[in-house]
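Data block below; observations after.
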Amino acid sequence: MTEETPGFEEKPDVPSGATPDDAEPKAAASSEEEEAAPAGDTDATVGLTAQLDQVRTALNERTADLQRLQAEYQNYRRRVERDRVTVKEIAVANLLSELLPVLDDVGRAREHGELVGGFKSV
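Read in order, the letters of the sequence shown are residues 39 to 160 in the numbering used here.
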């Protein structure tokens, strides 16, 4: 996907120090903290972890949907361009097939003799 799709220039809001790799060490650190934390905090941590997993799953689904949609759009653009070229070629062929009999008639008229009137300008 070398072309940029209009409307997708915005970057997601990510904290300045956050990286994708930051999430895994924090998860390991939070499991160590869970052992030392009281039972109430453990329930909250489990709930937050479940919520985080749901958000990540939703993000992955949206990312996959976006990638499919972008690929579909690029295929559509290629197909339309190919069809445009085909339609142009067909239009030229139809025009020439209609003009050839007329040009043949004009050529026969010239061979016939001296042109007078409107045919002289042709």
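Positions of the beta carbon are idealized from the N, C-alpha and C atoms, including for glycine.
Q.
Going by DSSP in three states, residue 99 sits in which element: helix, strand or coil?
A. helix
**Q.** Span separating the alpha-carbon of residue 149 from that of residue 143
**A.** One alpha carbon belongs to residue 149, the other to residue 143, and they sit about 10 Å apart.
Q.
With a threshold of 9 Å between beta carbons, is residue 106 in contact with chain C?
A. Of the chains in the structure shown, none is chain C; there is only one protein chain.
Q. Using DSSP with H/G/I as helix, E/B as strand and the rest coil, what is residue 110?
A. helix
Q) What is the DSSP secondary structure of residue 149, counted as helix, strand or coil? A) helix
Q: Tell me whether residue 40 sits in a helix, a strand or coil according to DSSP, three-state version.
A: Confidence at residue 40 is low in this model, with a pLDDT of 49, below 50, so its placement is unreliable and the value that follows should be read with caution. In this structure, residue 40 counts as coil in the three-state DSSP scheme.
**Q.** Distance between residue 92 and residue 98 (C-alpha atoms, nearest Å)
**A.** If you take the alpha carbons of residue 98 and residue 92, they lie about 10 Å apart.
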